[in-house]
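Residue numbers (our numbering), protein chains in the order written: chain A, 1 to 477; chain B, 478 to 765. Note sheet for the following structure.
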Amino acid sequence: MKNQLKKSGKFKTVLQWLWRFFSSVRLAVILIIIIIGLSLVGALLIQVPQEIAKDPQAYSQWVSTAAADKVGFWSKLLSALHLFDVFHSPWFIIANSLLMINILICSLNRWSSIKLSIRGGSIRQEESFYISGNSCAELKDIQALTSEVEEKSERVLKARGYRIRTERDKDNIYMAADRNRYYRLGTYFSHFSLILFVLAFVAGNYFGFRELSFSVAEGSIREVGHETGLSMQLVSFVDEYYSNGAPKDYRSEVILYEDSKPVKKAIIQVNHPMIYKGVRFYQSYFGPAVKIAIRDKTGQEIYSDNVAMDNSFVIEDYRRQEGIIDLGFLQDISKVHLISSAVNLQDPIIPPGFVAVDIRNKSNEQITIKLLQLGVPRIIGDLEFTFLEDSKYSGFQVSHDPSSTIIWIASALFIIGICSVLYFPYRQVWILYQPKRQGSGRLLLRARSPRGFRSNSELDVLVNQLKKELSTNQIKE
Amino acid sequence: MANLESIFLMASLAGVVVSILFAVFSSVSSRRSSARFSTAEKSGSQTASELPKSGLLITTKVLIALSLLFVTLTLVFRVIQTGHGPFSNMYEFALSYVWGIIVMVVIFEWRYKAAAVRNVGLIVTLLLLIFATVKNARPQPLVPALQQSTLLSIHVASAVLAYGIFTISFGAAVLLLIQNRRSMVWLPDKEILDVISYRSVVIGFPLLTLTIVLGAVWADIAWGRFWSWDPKETSSLVTWLIYAVYIHARLMRGWKGIKAAIVLVAGFVAILLTFFGNYIFTGLHAYR
């Protein structure tokens, strides 16, 4: 029993310690500095592309080639420290998570003070309170009735948007006034939306999907996958250029099918994505395609479609495009690779007007490779191939991010929160009026503003207006 | 239009150079009169800002206003000529940044009358204008991704205004550091410099936030992702974090004076890194 108590006591101390640890603004500053440092590394040091980072083998090759090119023999060390993928490194994730906890605890910690502001603290203070500190003022020898002083002070404060609470005892009048109390909640808007950003970002990566290269050749249909039941048909593709060869515009006319029924027709352009049930299609890239027909031994057509030549590779300076036909339904063939004539140089191996047909078996080994001329059928292996025509393909980025709306809302809250904290400071004023004899007395004022805001200028304005209203003889600050 | 643009570019350059000359003259003369003033009145804390207006000071103000007019016209003719906002290369962006600084110089001069802070702003302006003149590039057609003009224009406009105003806080911070080493009677006093630096951050920080948020929203529309850790994005985030540290340190822990000024100088270095970063790193913002 005693032991248990001791244990729970210890647990409580640890909890208290943790709470104190995370409620410090100093910790926030240190964490932010660490994040700044890591971010600078991420901005200045070469970072691994995400497609490569996912594949350990490709990654280690990247480190010894591309990275080593830039940083020399440091590449191994930097890689061990995860500095080539800083923004997904444990350091970055830990620092950010700690910062999020820090923000959360700091915000919660301020709740009692904010709640007090909203409800309003005590009205009556000791007399010494009104004359200590540097934002105090005194109006002496006020020649007015007590009720008049109360009414006029109220009017001045009200005109400047203060909420006023008054208490009286048999001698004095006490007033506590404040304004912008609800804007103090702005700190929750900005800080919680910051947490919301991070959560939405993580949730988006977890629940959504992102297909960076979704190419569809003209005329053909391709399934989107990811359990969407969607497929897209590219009806036509148009590209336009400036006179200097820079791309001016490119657009795709598409039809979207859901469970094989057409549901949407659209033209997709850069900056003008097509959106259907939260799935977004962005125009991303484009290139050549070839129309191929394949017949089997019996002369029956087993394939006829446009093939997007969307993979580009370079061998000995010759840049060629490659496209893949999936013939997995056949007995001994898996895929057929089509390779174009070089696009940058005169190609001595695959002349223009030809494609190379590279047939692979089930274990992806090459069975045979032959040239195929445009318009001339040729039997390769057991199949007859025909290169019917040149066409184009269009490449899209397809993404579904369920957290997108949250991020938009968080963005708005974020800015509202920042502005309300910076532009609507919580100001407080306390007034004590001490009547001396009938029709005269002195008025003591004390103002308070958040740190960083000058309370004296606000005090000056109030004192001036009160002076005007009460027309006193002598003012001492 | 191209002709008018380069004429006004030269006029802007000349305007800023002459403004600086006059600003220095008026500072020197006010320094002398303030020395006289303080010996006569025995009031060492008298600041230059409270001195009677001299003809030199008025001339300086007129010259600065003229420079602003010239830079604005340069930008206007550029926009008419290209048909899009001035943000497609470093020349256009540097000009916009110059415009942002001069606008803020005029506003803060009017509001706080701190000539010395304005002079730092003018020197940064001159350096940027020289950079812009050297970089002066023929307009290139916009690639499709940059054709979404409205959002991009607001994104860039708030960026240059934020940069402009942070240049003012940098100016105030640098002068504060100088004042701290050796108190100089002709510089504004530390209290005023501190207020200027804080007020400028208070205006600049929401603008920078807006810049980043609009950039993210635009990236979502154009590329389908809010954030891709592109180096320019990252370094603007770093800038934002530095000013966030400043605001928290000041509001929560009451940082003032040197410590706060050092953070502001770091913030300005981050802005320069973001601005000139295009030359250091590649990525989505890799226009030159």
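Even glycine gets a Cβ: it sits at the ideal position worked out from N, Cα and C. Model, not experiment: these values are computed from the prediction.
Checklist entry - Which residue from B:V501, B:I698, B:A726 puts its Cα closest to that of I739 of chain B? => result B:A726
Inspect the beta-carbon positions of V41 of chain A and L83 of chain A and report whether they are closer than 7 angstroms.
yes
Exercise for the section: Mind the definition here: the region 645-665 of chain B touches the region 590-600 of chain B only if three or more C-beta pairs lie below 8 angstroms; say whether that holds. Expected result: yes
Q.
Taking 7 angstroms as the limit between beta carbons, can you name the residues of its chain near P247 of chain A, skipping five residues before and five after?
A. D239, Y241
Between A:Y59, A:F87, A:Q57, A:Q47, which lies nearest to I34 of chain A when the distance is taken from Cα to Cα?
A:F87
Mind pulling the alpha helix (DSSP H) runs of 4 or more residues that sit fully within the region 685-721 of chain B?
none
Fill in: Beta-carbon neighbours of S712 of chain B, restricted to chain A and to distances below 7 angstroms
A43
List, from N- to C-terminal side, the alpha helix (DSSP H) runs of 4 residues or more that fit wholly inside the region 432-471 of chain A. 455-470
A726 of chain B versus chain E: which residues are under 7 angstroms apart at the beta carbon?
Chain labels in this structure do not include chain E; the protein chains are A and B.
So, under 8 angstroms CB-CB, G681 of chain B and I642 of chain B are touching, yes? Tell me the CB distance rounded to an integer number of Å. 4 angstroms
Check your understanding: What separation, rounded to the nearest whole angstrom, lies between the Cα atoms of I123 of chain A and L728 of chain B?
Key -> 25 angstroms
| query | Nearest-angstrom Cα distance between L234 of chain A and G219 of chain A? | reply | 6 angstroms
Let me check one thing: in DSSP terms, what residues is E668 of chain B bridge-paired to? According to DSSP, which records beta bridges pairwise, E668 of chain B is partnered with nothing at all.
Check: For the beta strand (DSSP E) that T386 of chain A lies in, which residues bound it at each end?
Finding: 383-400
Can you check whether the C-beta of T688 of chain B is within less than 7 angstroms of a C-beta belonging to chain A?
no
Q) With N172 of chain A and L432 of chain A assumed to form a contact (beta carbons below 8 angstroms), what rounded beta-carbon distance in angstroms separates them? A) 6 angstroms
- Message: My output table needs one value for V336 of chain A: the three-state DSSP class, helix, strand or coil.
- Response: strand
Original post:
What residues in the region 577-597 of chain B bring their beta carbon closer than 9 angstroms to a beta carbon of chain A?
Top reply: none
Worksheet item: For the alpha helix (DSSP H) that E148 of chain A lies in, which residues bound it at each end?
Response: 146-159
Checklist entry - How many Å lie between G9 of chain A and Y182 of chain A at the Cα? => result 38 angstroms
- [ ] Return the chain-ordered list of same chain residues with a C-beta closer than 6 angstroms to the C-beta of I541 of chain B, the five sequence neighbours on each side being excluded.
- [x] S496
- Would you say Y589 of chain B touches the ligand MN, meaning its beta carbon is less than 6 angstroms from a heavy atom? You won't find the ligand MN in this model; it holds no ligand whatsoever.
Would you identify the three-state DSSP class for V505 of chain B, choosing helix, strand or coil?
-> helix
Could you tell me if I557 of chain B is buried or exposed, where buried requires 16 or more neighbouring beta carbons within 10 angstroms of its beta carbon?
exposed
- Query: Going by beta carbon distance, what residues of the same chain come within less than 6 angstroms of L445 of chain A, once the five residues before and after it are set aside?
  - Reply: A137, I431
Item checked: Pairwise C-alpha distance: Y276 of chain A and D85 of chain A -> 33 angstroms
Hey, out of A:K392, A:S252, A:H400, A:F92, whose CA is closest to W706 of chain B's CA?
A:F92
Does F87 of chain A come within less than 7 angstroms of chain B when only Cβ atoms are used? yes
* Examine chain A for any beta-carbon lying closer than 7 angstroms to the beta-carbon of F703 of chain B, and answer yes or no. => yes
>> Would Y423 of chain A and P450 of chain A qualify as a contact pair, given that the criterion is a beta-carbon distance under 7 angstroms?
In response: no
Notebook entry, point to check: Does S39 of chain A have its Cβ less than 7 angstroms from a Cβ in chain B?
Noted result: yes
- Query: Looking only at its own chain, which residues have a Cβ that is under 6 angstroms from the Cβ of A609 of chain B, when we skip the five neighbours before and after it?
  - Reply: Y568, A571, L572
query = Identify the residues that DSSP records as bridge partners of I324 of chain A: which are they?
reply = A:H337
- Quick one: residues in its chain with C-beta nearer than 8 angstroms to the C-beta of N613 of chain B, no 5 flanking neighbours on either side, listed in chain order? S483, L486, Y568
Alpha-carbon spacing of F21 of chain A relative to C106 of chain A, whole angstroms: 10 angstroms
Q.
Going by DSSP in three states, K519 of chain B sits in which element: helix, strand or coil?
A. Unreliable placement is indicated for K519 of chain B, whose pLDDT of 41 sits below 50; the coordinate value is still reported in the next sentence. Three-state DSSP puts K519 of chain B in coil, outside helix and strand.
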